[in-house]
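Engineer: My structure is below; once you've seen it, I'll send some questions.
There are 2 protein chains.
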Amino acid sequence: MGGVNRVSRTKSGPVGANLFAVRSHNTALVLDLLRGAGAAGISRLELAERTGLTPQAVSKITARLREAGFAAEAGRRASTGGKPRTVLRLVPEAGHAVGAHLDRDELRAVLVDLDGAVVGERRAALDLGGGSRAVLGVVANEVSGLVGEALGGRDGSAGPGGPSGGLAGAGSLLGVGVALPGPLDHARGVLHRVTGFPEWDGFPLRDALAERLGVPVVVDKDTNAAALGLSVGVCGGAGAGRAEGGGRSFAYLHLGTGLGAGLVIGGEVHRGARTGAGEFGHQVVQLDGPACECGNRGCVEVLCLEAVTRGEVREAARVLGVGAGNLVGLLDIDLVLLGGRTVAGAPEVFVAGVAEVLAARARREGAAGESVPVRVVGGERVVAEGAAQLLLAPVFGRAAG
Amino acid sequence: MGGVNRVSRTKSGPVGANLFAVRSHNTALVLDLLRGAGAAGISRLELAERTGLTPQAVSKITARLREAGFAAEAGRRASTGGKPRTVLRLVPEAGHAVGAHLDRDELRAVLVDLDGAVVGERRAALDLGGGSRAVLGVVANEVSGLVGEALGGRDGSAGPGGPSGGLAGAGSLLGVGVALPGPLDHARGVLHRVTGFPEWDGFPLRDALAERLGVPVVVDKDTNAAALGLSVGVCGGAGAGRAEGGGRSFAYLHLGTGLGAGLVIGGEVHRGARTGAGEFGHQVVQLDGPACECGNRGCVEVLCLEAVTRGEVREAARVLGVGAGNLVGLLDIDLVLLGGRTVAGAPEVFVAGVAEVLAARARREGAAGESVPVRVVGGERVVAEGAAQLLLAPVFGRAAG
DNA sequence: GCACTTTGGCAACAGCGTTGCGAAAGTAGG
DNA sequence: CCTACTTTCGCAACGCTGTTGCCAAAGTGC
Chain U
5 MGGVNRVSRT
15 KSGPVGANLF
25 AVRSHNTALV
35 LDLLRGAGAA
45 GISRLELAER
55 TGLTPQAVSK
65 ITARLREAGF
75 AAEAGRRAST
85 GGKPRTVLRL
95 VPEAGHAVGA
105 HLDRDELRAV
115 LVDLDGAVVG
125 ERRAALDLGG
135 GSRAVLGVVA
145 NEVSGLVGEA
155 LGGRDGSAGP
165 GGPSGGLAGA
175 GSLLGVGVAL
185 PGPLDHARGV
195 LHRVTGFPEW
205 DGFPLRDALA
215 ERLGVPVVVD
225 KDTNAAALGL
235 SVGVCGGAGA
245 GRAEGGGRSF
255 AYLHLGTGLG
265 AGLVIGGEVH
275 RGARTGAGEF
285 GHQVVQLDGP
295 ACECGNRGCV
305 EVLCLEAVTR
315 GEVREAARVL
325 GVGAGNLVGL
335 LDIDLVLLGG
345 RTVAGAPEVF
355 VAGVAEVLAA
365 RARREGAAGE
375 SVPVRVVGGE
385 RVVAEGAAQL
395 LLAPVFGRAA
405 G
Chain F
5 MGGVNRVSRT
15 KSGPVGANLF
25 AVRSHNTALV
35 LDLLRGAGAA
45 GISRLELAER
55 TGLTPQAVSK
65 ITARLREAGF
75 AAEAGRRAST
85 GGKPRTVLRL
95 VPEAGHAVGA
105 HLDRDELRAV
115 LVDLDGAVVG
125 ERRAALDLGG
135 GSRAVLGVVA
145 NEVSGLVGEA
155 LGGRDGSAGP
165 GGPSGGLAGA
175 GSLLGVGVAL
185 PGPLDHARGV
195 LHRVTGFPEW
205 DGFPLRDALA
215 ERLGVPVVVD
225 KDTNAAALGL
235 SVGVCGGAGA
245 GRAEGGGRSF
255 AYLHLGTGLG
265 AGLVIGGEVH
275 RGARTGAGEF
285 GHQVVQLDGP
295 ACECGNRGCV
305 EVLCLEAVTR
315 GEVREAARVL
325 GVGAGNLVGL
335 LDIDLVLLGG
345 RTVAGAPEVF
355 VAGVAEVLAA
365 RARREGAAGE
375 SVPVRVVGGE
385 RVVAEGAAQL
395 LLAPVFGRAA
405 G
């Protein structure tokens, strides 16, 4: 492009920093703070204080951002005795991303802007067992249609399975994030045997979809996507999440037809070496307990779901709490979020049950032991919105998708 | 000093990068690779490949390091058709650090060089319950003596409890790392109620010792220190630990009079917001199981240690394995290390028992599921050596102590 | 001895945040 | 209304970073 030297990032190990890296880092930092400030905006001087950069550096960075259309001036603060501060805000419509949640029987796709606000949504029936060709067709079609009607790109009316047009026309589209239940390789974008659908094993979903749509695609586990999306609200705010002490960390526990977790440690989603982290449900909490379909015995998942089936929701919440307690102790996180259809069925019971176990933990720890807060996150779109964040996160300096 | 502008790091949140930060980062990266190369050394071009920097940049950086005495030329490689590569190596004696392991009844202090090699050691009886004054005296005395006899600083013969001299004279001494069993605040260097010794609650150990010795002091939990020390060998090697996929991650499980863990995630020690991470022993694996002294029921620690007491070491290993399996599933780590006196009593049994549980896990996962390796780490000095790394780690670009 | 390859330093360069300074835009007081 | 003061924020010069172009040094292979 403009002769800018970028660090080669192919299979990079520890990577050296150059000036391009410095600019990227600081720009992302400022964008993150702008996002955190939301409609209220933030002044240059505040940006300087929060980043540790000099006001002049912030002025330069924001000037670039304004020229590129990512930021704009938005009024002034009250004066405190001198020239009033000019408020800057993010221009949300400067960038968009699609988040697609592929569940066993349904596809849900959302189009979000830089702020993460949903500006378009589509739902479609999906049969994950119906073969990669058909599934790919449905996904490509819905995404193209969604983008077309909202951003004016070429629409995707070529029909299911047909060669739907590329999306390169929609200039502000950063790409498409896809979230699925099964185990997969986030780094390579390849699926492993999706639970119950062995024919997907080894399918290069990311590359296949990227080629078809002509925009970048990122693939991740559903719980990771949800956790990423939630981290924008929890840690994000003002990027303050990445502060001292390793930053804000939390766990998102998803209890639906199964039980899984997404972990955010120090403001970043922790996926582990093989995108396998977050296997919370098959944590053993009862040695030689009842058999789980995973082949083990006494997993949290089977204990929890059996209790739900028996109608003993309180017991299910207690078991979930024990698992959450183990996790809190192991990672010393700040927050536990609960979600999923089963939780949605009796949110207060689950929050109370988990919180009680964690409170007991805190009491045992004594003195400084404040109990870790527990909250429910609602909405059927948590995963889809998080999937879109897979593309937005790198813009704001979070680990690359 | 030289008019170099540093970023103010007081209570920094997300911090902007400036040129000083770039230089620090790249210098640390090169030092880390030099350390990883060990006596074999590494050439400038290899450094350039590994860091992604240009050869010229590496030449500049290594020139600075050579001038400062941290690196030196060490022979040449065989030519591959042109000018042979010049091999560079770390100069280990350019820097030293003290690691002190405070256990319930013993103090063990080691002096290590930049390579982490032990160049001096001292042991002394210690009564953690004997009051802060006495303990501080013993520690200061032993550390002063150790440094004095090895580095020629002022010796610490002022006697126990007496005003031992500062260590500022020993130029290459980076500081003192202290590791203890109890819960504490790593960031502030303040102890919480050390298990069994409530009188330590709130004691500012770091500042008290730093003032007394006149060198920087860093405090951490014993398991964290051990994990940090082990990470130098495991991840470290060539800094390659911090490579793709979040980097090399492992858990160190310490089974002695208690059961705790140190976690390394992506090459960095994970301490959690309150230095509370790694509470592995009080993970519940048997709902409503036998009471643990922590006040909970069915903790791994109580199950494991009771089995050992009964002489059922295999069962203890299995229980430990279940806990390890939970951890592996949750974090998707690459390696499990076992240590501590109890493990040392029957290392093969514990490795086999834990490995068996993890292998079963891998089989259930199917296809790509390679079992996570399990190894024993020996030596009574693991914690003390790791404590010294609390000071060395920042030099090599690991998170600040 | 000659051609070639590879290493690595010197000098000029572009780009980053920083500093010094001044214009702009308010408040406070006469 | 005018003056004095405070605060914001941009322009220009600056120092420092890694990068590029070029060339000497030091080997191998014929």
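Those protein sequences? They're chains U and F, same order as listed. Taking the numbering used here, the leading residue of the first sequence gets 5, the next gets one more, and so forth. Taking the numbering used here, the leading residue of the second sequence gets 5, the next gets one more, and so forth. Note that beta-carbon positions come from the ideal geometry of N, C-alpha and C, so glycine has one too. Nothing here was measured: the structure is a model prediction, and the numbers come from that model.
So which residues on chain F does histidine 286 of chain U lean against when the C-beta distance must stay under 7 Å?
Structural biologist: Gly333
Engineer: How big is the Cα-Cα spacing for aspartate 107 of chain U and valine 198 of chain U?
Structural biologist: 11 Å
Engineer: Going by the DSSP bridge assignment, what does phenylalanine 284 of chain F pair with across the sheet?
Structural biologist: For phenylalanine 284 of chain F, which the question treats as bridged, DSSP gives no partner whatsoever.
Engineer: Any beta carbon from chain F within less than 8 Å of leucine 57 of chain U's own beta carbon?
Structural biologist: yes
Engineer: Taking glycine 85 of chain F and valine 236 of chain F to be in contact with their CB atoms under 8 Å, please state how far apart those CB atoms are, rounded to whole angstroms.
Structural biologist: Rounded to the nearest angstrom, the Cβ distance from glycine 85 of chain F to valine 236 of chain F is 36 Å, too far for a contact under 8 Å.
Engineer: Using a 10 Å radius around the Cβ and a threshold of 16 neighbouring Cβ atoms, would you call phenylalanine 24 of chain F buried or exposed?
Structural biologist: exposed
Engineer: Could you spell out where the beta strand (DSSP E) holding leucine 94 of chain U opens and where it closes?
Structural biologist: Residues 90-94.
Engineer: Quick check: the stretch 65-83 of chain U against the stretch 22-37 of chain U, are at least 3 beta-carbon pairs closer than 8 Å?
Structural biologist: With contact defined as three or more Cβ pairs closer than 8 Å, the stretch 22-37 of chain U and the stretch 65-83 of chain U are in contact.
Engineer: DSSP state of valine 456 of chain U, grouped into three classes?
Structural biologist: Residue numbering for chain U in the displayed model covers 5 to 405; residue 456 of chain U lies beyond these limits and cannot be assessed.
Engineer: For the alpha helix (DSSP H) containing histidine 29 of chain U, list its first residue and its last residue.
Structural biologist: First-last of the alpha helix (DSSP H) with histidine 29 of chain U: 23-41.
Engineer: Does the beta carbon of cysteine 303 of chain F fall short of 7 Å from some heavy atom of the ligand ZN?
Structural biologist: Ligands in the displayed structure: none, and consequently the ligand ZN is not present.
Engineer: Just to make sure I have the definition right: I need the residues of chain U whose C-beta is within less than 7 Å of the C-beta of glutamate 283 of chain F. Which are they?
Structural biologist: Gly333 and Leu334
Engineer: If we call anything under 8 Å between Cβ atoms a contact, is valine 353 of chain U one with alanine 321 of chain U?
Structural biologist: yes
Engineer: Would you say arginine 368 of chain F faces chain U, with C-beta separation under 8 Å as the test?
Structural biologist: yes
Engineer: Serine 47 of chain F: which of F:Thr90, F:Asp189, F:Leu263 and F:Gly141 sits nearest, CA to CA?
Structural biologist: F:Thr90
Engineer: Report the three-state DSSP secondary structure of glycine 383 of chain F (helix, strand or coil).
Structural biologist: coil
Engineer: Identify whether arginine 192 of chain U lies in helix, strand or coil by the three-state DSSP scheme.
Structural biologist: coil
Engineer: Please state whether DSSP places valine 198 of chain F in a helix, a strand or coil.
Structural biologist: strand
Engineer: For phenylalanine 254 of chain U, which residues does DSSP report across the bridge?
Structural biologist: Answer by DSSP bridge pairing, in chain order: U:Val268 and U:Leu339.
Engineer: What is the DSSP secondary structure of cysteine 298 of chain U, reduced to helix, strand or coil?
Structural biologist: coil
Engineer: State the Cα-Cα distance for the pair aspartate 226 of chain F and glutamate 97 of chain F, rounded to the nearest angstrom.
Structural biologist: Rounded to the nearest whole angstrom, the CA to CA distance from aspartate 226 of chain F to glutamate 97 of chain F is 26 Å.
Engineer: Quick one: list the residues of chain U neighbouring isoleucine 46 of chain F, beta-carbon separation under 8 Å, in chain order.
Structural biologist: Within 8 Å Cβ-Cβ: nothing; isoleucine 46 of chain F doesn't reach chain U, min ~13 Å.
Engineer: Suppose you measure from the CA of alanine 230 of chain U to the CA of valine 288 of chain U; what does that come to, to the nearest Å?
Structural biologist: Just so you know, the alpha carbons of alanine 230 of chain U and valine 288 of chain U end up roughly 24 Å apart.
Engineer: List the DSSP bridge partners of histidine 105 of chain U.
Structural biologist: U:Arg112 and U:Ala183
Engineer: Which residues, taken in chain order from the stretch 286-304 of chain U, show a beta carbon closer than 7 Å to some beta carbon of chain F?
Structural biologist: His286, Gln287, Val288, Val289, Gln290, Leu291, Cys298, Gly299 and Asn300
Engineer: Please determine, among F:Leu115, F:Val139 and F:Asn30, the residue with the shortest C-alpha to C-alpha distance to glycine 149 of chain F.
Structural biologist: F:Leu115
Engineer: Grab me the residues of alanine 295 of chain F's own chain with a C-beta within less than 8 Å of its C-beta, minus the 5 sequence neighbours each way, in chain order.
Structural biologist: Arg301 and Val306
Engineer: Can you find a CB in chain U that lies within less than 8 Å of the CB of alanine 75 of chain F?
Structural biologist: no
Engineer: Give the interface partners of glycine 20 of chain U over in chain F, defined as CB-CB distance under 8 Å, in chain order.
Structural biologist: His29, Asn30, Leu33, Thr55, Gly56, Leu57 and Ala61
Engineer: Taking glycine 134 of chain U as part of the alpha helix (DSSP H), name the residues at either end of that continuous run.
Structural biologist: That residue, glycine 134 of chain U, is in no alpha helix (DSSP H); it is neither H nor E in DSSP.
Engineer: For glycine 163 of chain U, which three-state DSSP category applies?
Structural biologist: Bear in mind that the predicted position of glycine 163 of chain U carries a pLDDT of just 38, short of 50, making it unreliable; the figure below should be weighed with that in mind. DSSP places glycine 163 of chain U in coil when its eight states are reduced to three.
Engineer: With 16 other CB atoms within 10 Å as the buried threshold, where does glycine 79 of chain F fall?
Structural biologist: exposed
Engineer: Can you check whether the C-beta of glycine 329 of chain U is within less than 8 Å of a C-beta belonging to chain F?
Structural biologist: For glycine 329 of chain U, at least one C-beta of chain F is nearer than 8 Å to its own C-beta.
Engineer: My output table needs one value for valine 304 of chain F: the three-state DSSP class, helix, strand or coil.
Structural biologist: helix
Engineer: Report all residues from its chain with a CB closer than 7 Å to the CB of aspartate 292 of chain U; omit the five preceding and five following residues, and keep chain order.
Structural biologist: Arg301 and Gly302
Engineer: In the DSSP assignment, what are the bridge partners of aspartate 117 of chain U?
Structural biologist: U:His100
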